[in-house]
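Trainee:
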Amino acid sequence: MDFWLEQLTLLILSLLANGLSALAGGGAGLLQLPVLLFLGLSFGTALATHKIASVALGIGATLRHLREGQLDLRFCAFVVACGLPGVVLGAVVVLALPEALTIFSLGLLTCGLGIYSITKKQLGMEYRPRHRDLSGYLIGGLVICLIGFLNGSLTSGTGLFVTLWLVRWFGFDYQRAVTYVLILVGLFWNSTGALAVALQTAPRWEWLPALLLGAVVGAYAGAHLSLARGNRLVKRAFETLTVMVGIKLIGDGLAMFSGATS
Numbered sequence: 001m002d003f004w005l006e007q008l009t010l011l012i013l014s015l016l017a018n019g020l021s022a023l024a025g026g027g028a029g030l031l032q033l034p035v036l037l038f039l040g041l042s043f044g045t046a047l048a049t050h051k052i053a054s055v056a057l058g059i060g061a062t063l064r065h066l067r068e069g070q071l072d073l074r075f076c077a078f079v080v081a082c083g084l085p086g087v088v089l090g091a092v093v094v095l096a097l098p099e100a101l102t103i104f105s106l107g108l109l110t111c112g113l114g115i116y117s118i119t120k121k122q123l124g125m126e127y128r129p130r131h132r133d134l135s136g137y138l139i140g141g142l143v144i145c146l147i148g149f150l151n152g153s154l155t156s157g158t159g160l161f162v163t164l165w166l167v168r169w170f171g172f173d174y175q176r177a178v179t180y181v182l183i184l185v186g187l188f189w190n191s192t193g194a195l196a197v198a199l200q201t202a203p204r205w206e207w208l209p210a211l212l213l214g215a216v217v218g219a220y221a222g223a224h225l226s227l228a229r230g231n232r233l234v235k236r237a238f239e240t241l242t243v244m245v246g247i248k249l250i251g252d253g254l255a256m257f258s259g260a261t262s
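Under our numbering, the first residue of the sequence shown is numbered 1, with each subsequent residue one higher.
Next up, the structure:
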């Protein structure tokens with residue numbers, strides 16, 4: 001492929017993937033990683049490239065959301081502290097996991113998240129803080145750590161898990177939950193996971209400028225749209241993307257099972 005056509009393809013891919021992710025609260029890997037594999041990268045190289053590029057999702061979203069001044073810094077520190085140990089552990093053991101079964105199971109769970117949200121019409125439509133006592137933080141932090149492990153070891157949809165957990169357990173509305181996820185998961189978790197993966201496998205460095213530029217611009221645009229249009233659009237985007245991510249992961253898992261048995 002011609003160099004400039006390749007760079008344009010990567011830029012458009014990154015704009016779309018990260019714009020949707022910034023609107024829904026995760027799922028950039030749904031589009032980005034498969035295309036990197038299709039363009040000829042090995043899984044390890046594609047994963048390292050995607051992880052580094054995904055850090056720019058957090059940068060773009062942070063630039064937009066910080067203007068609103070809605071972040072609780074103590075809660076931010078709680079999410080980062082609970083998630084980072086899981087992210088590092090997941091990134092270290094990623095190549096040792098039974099990939100087909102893990103991806104298939106994750107696909108089923110992700111689809112379930114979207115369907116659950118669809119059936120709960122008022123879920124995440126209002127901000128109603130809850131579980132802010134010691135036991136609530138302990139349970140909430142444990143689940144965030146487990147999601148961090150998935151974030152470090154897998155590639156698609158884990159930000160969506162954090163979004164729904166903040167809504168369901170801590171009483172966030174969708175718009176507020178997406179703000180925290182894009183900044184904390186997109187910036188802090190992804191940068192830690194990117195470093196851990198890149199230390200094991202080198203990324204495709206010449207592809208990163210286009211991917212990073214697309215991620216920053218796409219994330220900023222998606223974050224702006226979520227703030228301008230409110231909870232209902234964010235909720236619908238979340239539900240649509242979780243089902244799409246889930247179906248994609250189920251298909252990937254089945255394909256791996258089929259390849260292993262043929």
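Glycine included, every Cβ here is placed at the ideal spot set by N, Cα and C.
Note that the structure is a prediction, hence the values are computed from the model and not measured.
DSSP three-state label for W205, please.
Mentor: Reduced to three states, the DSSP call for W205 is helix.
Trainee: Just tell me which of G83, V167, V216 has its CA closest to the CA of G124.
Mentor: The residue with the shortest Cα to Cα distance from G124 is V167.
Trainee: Assuming W169 contacts H131 (C-beta within less than 8 Å), just tell me the rounded distance between them.
Mentor: Rounded, the Cβ-Cβ distance is 6 Å, consistent with contact.
Trainee: In angstroms, rounded to a whole number, what distance separates the CA positions of T179 and L146?
Mentor: Their backbone Cα atoms lie some 20 Å apart in a straight line.
Trainee: Between L57 and A46, how many whole angstroms is the CB-CB distance? I'm expecting something under 8 Å.
Mentor: That belief does not hold up - the Cβ atoms of L57 and A46 are roughly 17 Å apart, past 8 Å.
Trainee: For V87, which residues of its own chain have a beta-carbon under 6 Å away from its beta-carbon, when the five flanking residues on both sides are left out?
Mentor: So the list reads G148, N151, G152, W189, T192, G193, once near-sequence residues are dropped.
Trainee: Which full runs of the alpha helix (DSSP H) of 4+ residues lie inside the stretch 80-128, going along the chain?
Mentor: DSSP runs (the alpha helix (DSSP H)) wholly in the stretch 80-128: 99-119.
Trainee: Residues in the same chain with beta-carbon distance under 7 Å from L212, minus the five sequence neighbours each way, listed in chain order, please.
Mentor: Result list for L212: A53, A56, in chain order.
Trainee: What's the C-alpha gap between L5 and R176?
Mentor: Near 38 Å, if we compare the C-alpha coordinates of R176 and L5.
Trainee: Would you identify the three-state DSSP class for R130, choosing helix, strand or coil?
Mentor: In the structure shown, R130 sits in coil (DSSP, three-state: anything other than H, G, I, E or B).
Trainee: With L39 as the anchor, note down where its alpha helix (DSSP H) starts and where it stops.
Mentor: Where L39 is concerned, there is no enclosing alpha helix (DSSP H), given that its DSSP letter is neither H nor E.
Trainee: Under 8 Å Cβ to Cβ from C76, same chain only, skipping five residues before and after it: list those, please.
Mentor: So the list reads Y180, I183, L184, once near-sequence residues are dropped.
Trainee: Any idea if L338 is buried or exposed, counting beta-carbon neighbours within 10 angstroms, 16 or more meaning buried?
Mentor: The structure shown does not extend to residue 338, since the chain is modelled only from 1 through 262, so no value can be given for it.
Trainee: Taking 8 Å as the threshold (C-beta atoms), are K235 and Y137 in contact?
Mentor: No, these two residues do not count as a Cβ contact at 8 Å.
Trainee: Less than 6 Å between C-beta atoms, sequence neighbours within five positions excluded: which residues of the same chain meet that for G141?
Mentor: Only C82 meet the Cβ criterion.
Trainee: Output the distance between the C-alpha atoms of S226 and P203, rounded to the nearest integer angstrom.
Mentor: Near 31 Å, if we compare the C-alpha coordinates of P203 and S226.
Trainee: Under 8 Å between the Cβ atoms of L108 and I250?
Mentor: Cβ distance < 8 Å, so L108 and I250 count as in contact.
Trainee: How long is the line joining the alpha carbons of P209 and F43, rounded to whole angstroms?
Mentor: Spanning the two alpha carbons is a distance of roughly 20 Å.
Trainee: Taking only the alpha-carbon atoms, compute the straight-line gap between T49 and L71 and give it to the nearest angstrom.
Mentor: Going by the C-alpha atoms only, they are around 30 Å apart.
Trainee: By a C-beta neighbour count over all protein chains shown, 10 Å radius and 16 as the cutoff for buried, is L10 buried or exposed?
Mentor: It counts as buried.
Trainee: Tell me the rounded alpha-carbon separation between E206 and S135.
Mentor: Roughly 47 Å between the two C-alpha positions.
Trainee: Please report the straight-line C-alpha distance between L164 and T201, rounded to a whole angstrom.
Mentor: In a straight line, the C-alpha of L164 is about 31 Å away from that of T201.
Trainee: When you compare the CB positions of D252 and I103, do they come within less than 8 Å of one another, or not?
Mentor: Result yes, Cβ atoms of D252 and I103 sit closer than 8 Å.
Trainee: Judging by CA-CA distance, which residue of L254, L8, G214 is the nearest neighbour of A28?
Mentor: Nearest C-alpha to A28: G214.
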